[in-house]
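A.B. asks: So that we are looking at the same thing, I have put the structure below in structure tokens.
There are 2 protein chains.
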Amino acid sequence: MLDTPRGNRLHIALFGRRNAGKSSLINALTNQELAVVSSIPGTTTDPVFKSMEILPLGPVVLIDTAGIDDIGELGALRIKKTLEVLRKTDLAILVLDPGYGVGDYELELKARLAEARIPVVAVLNKIDVAGRANLAELEQSLGQKVLPVSAKTRQGIEELKRELIKAAPADFEAPYLVGDLVEPGDLAVLVVPIDTAAPKGRLILPQVQVLRDLLDNDAMGLVVKERELKAALAKIPRPKIVITDSQAFLKVAADTPREVWMTSFSILMARYKGDLLELVRGAKAIKHLKPGDRVLIAEACTHHRQPDDIGKVQIPRWLRQYVGGELNFQWVSGGSFPEDLSPYQLIIHCGGCMITRREMLYRIQAAKAAGVPIVNYGIFLAYVHGILDRALEPFPLAKMEWEEDS
Amino acid sequence: MLDTPRGNRLHIALFGRRNAGKSSLINALTNQELAVVSSIPGTTTDPVFKSMEILPLGPVVLIDTAGIDDIGELGALRIKKTLEVLRKTDLAILVLDPGYGVGDYELELKARLAEARIPVVAVLNKIDVAGRANLAELEQSLGQKVLPVSAKTRQGIEELKRELIKAAPADFEAPYLVGDLVEPGDLAVLVVPIDTAAPKGRLILPQVQVLRDLLDNDAMGLVVKERELKAALAKIPRPKIVITDSQAFLKVAADTPREVWMTSFSILMARYKGDLLELVRGAKAIKHLKPGDRVLIAEACTHHRQPDDIGKVQIPRWLRQYVGGELNFQWVSGGSFPEDLSPYQLIIHCGGCMITRREMLYRIQAAKAAGVPIVNYGIFLAYVHGILDRALEPFPLAKMEWEEDS
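Written as structure tokens, this is what we have:
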């Protein structure tokens with residue numbers, strides 16, 4: 001993860017007065033206790049760029065502006081430094097101090113951010129000690145929503161992550177699809193069944209994206225149909241990983257030596273597009289479903305329905321058999337995603353190939369906030385076929401999550 | 001070629017009176033002397049489907065309607081059989097007999113073809129013996145252009161091919177890209193340089209199309225950057241063919257064993273999209289260029305010009321150096337392609353990735369009709385880099401054409 005080029009990472013700048021609690025908020029967002037770089041005001045006027053992981057956003061660069069906060073520098077120099085930071089910022093967090101609220105410093109910053117068209121999420125920190133009584137007043141002064149949080153007790157931190165996802169640029173991307181699983185020179189085998197559903201003369205986008213990510217990471221990809229896989233594996237040196245379309249998983253699993261990693265395009269995409277950990281948690285909830293439970297099946301696009309449509313027919317049929325009774329299915333498609341997810345015991349979402357990572361993460365985060373497990377088609381099918389276990393081997397965290405008792 | 005599934009081939013039906021010369025026209029189009037199936041009228045009422053190659057259209061199915069021509073069947077049965085043929089026809093040729101001209105038979109057929117929205121090319125055959133005196137009258141009676149030809153002397157046959165290309169459905173495709181060069185189980189290596197011009201997160205379409213065509217033909221493709229090629233070739237069994245981006249040709253040629261076929265995506269696309277033989281003929285004309293000659297550089301789309309644009313800068317610079325003097329360059333782009341090509345000594349066309357095969361073939365055919373050599377960027381660059389010779393090895397006909405003295 002630390003090798004992710006800084007250029008690909010979402011850059012999040014934290015602004016706020018010296019005592020607003022920017023550092024503790026960084027710790028809360030990253031689930032880490034970081035050493036405080038310096039507590040002496042004015043030791044440096046340069047912002048500090050820290051590469052870190054905020055789940056589920058992925059690798060980000062947090063820009064710590066301690067050196068240029070309200071007392072770090074004054075006047076022209078502070079403005080110059082602030083503008084320098086803004087040029088590198090995709091997204092800003094403005095941390096309000098309950099003791100000061102919204103003053104000239106905050107209003108000037110907000111104006112600069114608006115000028116630079118940088119989305120800003122405002123938070124009121126330290127609500128564990130200072131409460132949130134003046135929240136409405138702060139929102140009015142600042143002219144935007146202010147999220148009450150406590151870095152110390154983690155109150156509001158999940159909501160903050162959701163707001164960050166919502167405010168992130170529409171095209172922000174995860175920096176890895178498969179590239180972090182291979183070393184330079186490694187060989188990956190891509191198994192691409194060609195059936196009547198395959199678009200004429202093309203490969204589907206996830207297959208092309210995986211190939212490109214392999215090349216970008218100095219690895220190579222052998223593309224083969226499932227029928228030719230066994231013969232191919234006998235001829236070539238042992239690959240690092242075999243990646244298959246889910247529909248061919250059982251045959252491919254049988255033909256791939258047990259010691260070779262094997263996963264599916266869907267699972268790579270679930271990680272790339274969404275939040276693999278959360279979706280694996282969702283898969284674990286399937287076994288707790290009971291007849292009569294409410295299941296939301298959500299598709300991000302309104303595609304032409306096949307007679308044996310996966311969302312309308314296959315998944316409901318399989319779940320009915322599994323729980324041994326009727327379930328209460330509801331379907332949404334296209335841009336609509338219910339505000340209130342609390343009535344559901346499970347959400348099953350499509351792979352989200354037609355929506356941005358931001359939108360997919362936002363939906364997953366919304367489910368998490370509502371306490372409703374969410375899984376996507378790819379993970380669901382891997383579970384149904386009994387192969388999720390093997391398919392998660394390349395992803396130790398997700399594998400641990402999967403094996404942990406739910 | 002005979003393995004090309006009939007479904008992919010352009011279906012061309014020949015209609016006309018018994019003595020109009022349909023069979024001799026088929027022979028002229030295919031450059032073959034075919035055995036006449038039967039000269040006894042009425043032996044069969046079924047149309048005969050013949051898979052054959054018409055250059056540069058590629059593999060087609062010619063539907064010989066001898067059994068249902070004006071004397072083969074009468075009335076309802078003929079109409080029924082004709083409608084059956086029309087359901088399978090992409091393109092019709094109506095052959096007029098100079099002795100009969102346009103009568104009820106021709107007018108009824110034309111009405112049926114119009115009803116079925118099938119494009120029709122009308123020809124007046126036997127002009128070597130019967131002349132073309134009544135051409136204008138025939139055109140008026142039929143209400144469309146009539147092409148004067150002689151199957152015997154081949155007069156007008158190239159123009160007929162051009163009309164066929166023009167009238168063909170916009171989406172008709174060549175049935176092979178690389179699939180005819182590999183056997184099931186064969187391995188092809190695709191060398192894909194990743195530079196700043198490569199679109200982010202993707203492969204370009206010709207690369208994807210080649211991969212898909214390999215899979216469609218039960219072969220497999222190893223995708224690798226040029227830097228990793230040498231190490232890859234050392235590890236894997238000998239591939240059937242190495243296909244590279246033109247820009248990496250010299251390095252790839254050095255790293256690929258001499259006995260392995262090696263070509264470029266551009267050359268595969270030139271064959272798929274256009275007429276490799278004719279473009280190779282065009283390449284041979286480069287060495288005859290003299291200072292002051294007129295060269296047309298044609299691009300099918302109006303892309304954003306790079307500072308070192310291939311059509312505007314690189315090709316002219318190279319040609320000036322080659323002939324040792326200034327040339328008279330003219331440029332066209334987008335949909336415009338000059339009606340009169342006769343002023344030019346050479347036409348250099350882009351790869352045509354944004355236009356249909358029909359349009360590209362039409363342009364090549366127009367150049368051929370005007371007697372002006374035409375080459376495309378891919379073949380031109382292969383020539384310039386001195387690698388056309390090796391890159392044509394997989395294509396014996398084109399290789400022979402290349403080696404023949406011009």
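Note that the protein sequences, when read in sequence, are chains A and B.
In terms of UniProt numbering, the first sequence opens at residue 1 and continues consecutively.
In terms of UniProt numbering, the second sequence opens at residue 1 and continues consecutively.
Ideal placement from N, C-alpha and C gives every residue a C-beta, glycine not left out.
Quantities reported herein were computed from a predicted structural model and do not represent experimental measurements.
Quick check on the burial criterion: 16 or more other C-beta atoms within 10 angstroms. Buried or exposed for residue 11(A)?
C.D. replies: It is buried - the Cβ of residue 11(A) has at least 16 other Cβ atoms within 10 Å.
A.B. asks: Suppose the cutoff is 6 Å on Cβ atoms and the five residues either side in sequence are ignored; what does the same chain contact list for residue 385(A) look like?
C.D. replies: 249, listed in sequence order.
A.B. asks: For a cutoff of 9 Å on Cβ pairs, would you count residue 168(A) as touching chain B?
C.D. replies: Not an interface residue.
A.B. asks: Taking the CB atoms as reference points, tell me whether residue 226(A) and residue 255(A) lie closer together than 9 Å.
C.D. replies: The answer is yes: Cβ separation under 9 Å.
A.B. asks: Tell me the DSSP secondary structure of residue 288(A) in three-state form.
C.D. replies: In this structure, residue 288(A) counts as helix in the three-state DSSP scheme.
A.B. asks: Could you tell me whether any Cβ in chain B is nearer than 9 Å to the Cβ of residue 209(A)?
C.D. replies: It does; some Cβ of chain B falls within 9 Å.
A.B. asks: Which residues, in chain order, does the segment 224-250 of chain A contribute to contact with chain B at a C-beta distance below 8 Å?
C.D. replies: Against chain B - using a Cβ distance shorter than 8 Å - the residues of the segment 224-250 of chain A are 224, 225, 227, 228, 231, 232, 235, 236 and 237.
A.B. asks: Just how far apart, CA to CA, sit residue 393(A) and residue 181(A)?
C.D. replies: Distance between the alpha carbons of residue 393(A) and residue 181(A): 11 Å.
A.B. asks: Helix, strand or coil: which one does DSSP assign to residue 82(B)?
C.D. replies: Three-state result, residue 82(B): helix.
A.B. asks: Just grab the DSSP bridge partners of residue 62(A) for me.
C.D. replies: 12(A) and 50(A), per the DSSP bridge assignment.
A.B. asks: State the Cα-Cα distance for the pair residue 252(B) and residue 247(A), rounded to the nearest angstrom.
C.D. replies: Each residue's Cα considered, the two are about 36 Å apart.
A.B. asks: If you draw a straight line from the alpha carbon of residue 151(A) to that of residue 142(A), how long is it in whole angstroms?
C.D. replies: In a straight line, the C-alpha of residue 151(A) is about 21 Å away from that of residue 142(A).
A.B. asks: Rounded to the nearest angstrom, what separates residue 398(B) and residue 240(B) at their Cα positions?
C.D. replies: Distance between the alpha carbons of residue 398(B) and residue 240(B): 19 Å.
A.B. asks: Run through DSSP, which three-state label would residue 357(A) get?
C.D. replies: Residue 357(A): helix per DSSP, three-state reduction.
A.B. asks: Whole angstroms are fine: how far does the CA of residue 383(B) sit from the CA of residue 217(A)?
C.D. replies: Roughly 32 Å between the two C-alpha positions.
A.B. asks: Closer than 9 Å, CB to CB, is residue 117(B) near chain A or not?
C.D. replies: Not closer than 9 Å to any Cβ of chain A, the Cβ of residue 117(B) fails to qualify, so no.
A.B. asks: Can we say the segment 301-317 of chain A touches the segment 337-344 of chain A, given the rule of at least three CB pairs closer than 8 Å?
C.D. replies: With a cut-off of 8 Å, the segment 337-344 of chain A and the segment 301-317 of chain A do not count as touching, because too few Cβ pairs lie within range.
A.B. asks: Let me know the beta strand (DSSP E) ranges lying completely inside the UniProt domain "Hydrogen maturase F dimerization" (177-274) of chain A, each 3 residues or longer, listed in chain order.
C.D. replies: Runs of the beta strand (DSSP E) inside the UniProt domain "Hydrogen maturase F dimerization" (177-274) of chain A: 187-191, 220-224, 241-244 and 261-264.
A.B. asks: Going by other Cβ atoms of all chains shown within 10 Å of its Cβ, with 16 needed for buried, is residue 336(B) buried or exposed?
C.D. replies: Under this definition residue 336(B) is an exposed residue.
A.B. asks: Residues of chain B with a CB under 9 Å from the CB of residue 218(A): which are they?
C.D. replies: Neighbours of residue 218(A) on chain B, chain order: 225, 227 and 228.
A.B. asks: How would you write the range of the beta strand (DSSP E) that residue 96(B) sits in, first residue to last?
C.D. replies: Here the beta strand (DSSP E) through residue 96(B) covers 91-96.
A.B. asks: Going by C-alpha to C-alpha distance, which of 77(B), 168(B), 244(B) and 273(B) sits closest to residue 120(B)?
C.D. replies: When only C-alpha atoms are compared, the closest one is 168(B).
A.B. asks: Going by other Cβ atoms of all chains shown within 10 Å of its Cβ, with 16 needed for buried, is residue 376(B) buried or exposed?
C.D. replies: Result: buried.
A.B. asks: For residue 47(A), would you say it is in contact with chain B, using Cβ-to-Cβ distances shorter than 9 Å as the test?
C.D. replies: So no, residue 47(A) is outside the interface.
A.B. asks: Would you grab the beta carbon distance between residue 85(B) and residue 65(B) for me? Rounded to a whole angstrom, and I think it's under 8 Å.
C.D. replies: That pair is a contact at about 6 Å.
A.B. asks: Kindly list, in the order they appear in chain A, the residues whose Cβ is closer than 7 Å to that of residue 194(B).
C.D. replies: The answer, in chain order, is 215 and 216.
A.B. asks: Can you give me the start and stop residues for the beta strand (DSSP E) that residue 297(B) sits inside?
C.D. replies: From DSSP, the beta strand (DSSP E) with residue 297(B) extends over 294-299.
A.B. asks: Show which residues of chain B have a CB atom less than 9 Å away from the CB atom of residue 324(A).
C.D. replies: Chain B residues near residue 324(A): none, gap ~41 Å exceeds 9 Å.
A.B. asks: Please list, in chain order, all residues of the same chain as residue 380(B) whose beta carbon is under 8 Å from its beta carbon, the five residues on each side excluded.
C.D. replies: Answer for residue 380(B): 283, 286, 315 and 348, listed in chain order.
A.B. asks: Straight-line CA distance for residue 262(B) to residue 268(B)?
C.D. replies: Approximately 11 Å between the Cα atoms of the pair.
A.B. asks: With DSSP as the reference, please indicate the residues paired to residue 148(A) in a beta bridge.
C.D. replies: Partner(s): 124(A).
A.B. asks: Going along chain A in order, which residues have a C-beta closer than 7 Å to the C-beta of residue 212(B)?
C.D. replies: Chain A residues near residue 212(B): 201, 202 and 203.
A.B. asks: On the DSSP bridge list, what partners appear for residue 346(A)?
C.D. replies: For residue 346(A), which the question treats as bridged, DSSP gives the partners 295(A).
A.B. asks: Check distances from the C-beta atoms of the segment 149-168 of chain A to those of chain B and list, in chain order, the residues that come in under 7 Å.
C.D. replies: The segment 149-168 of chain A vs chain B, Cβ under 7 Å: nothing.
A.B. asks: Please report the residue range of the alpha helix (DSSP H) in which residue 323(A) lies.
C.D. replies: Start and end: 315-323.
A.B. asks: Please confirm whether residue 222(B) has its beta-carbon closer than 9 Å to some beta-carbon of chain A.
C.D. replies: So, interface residue.
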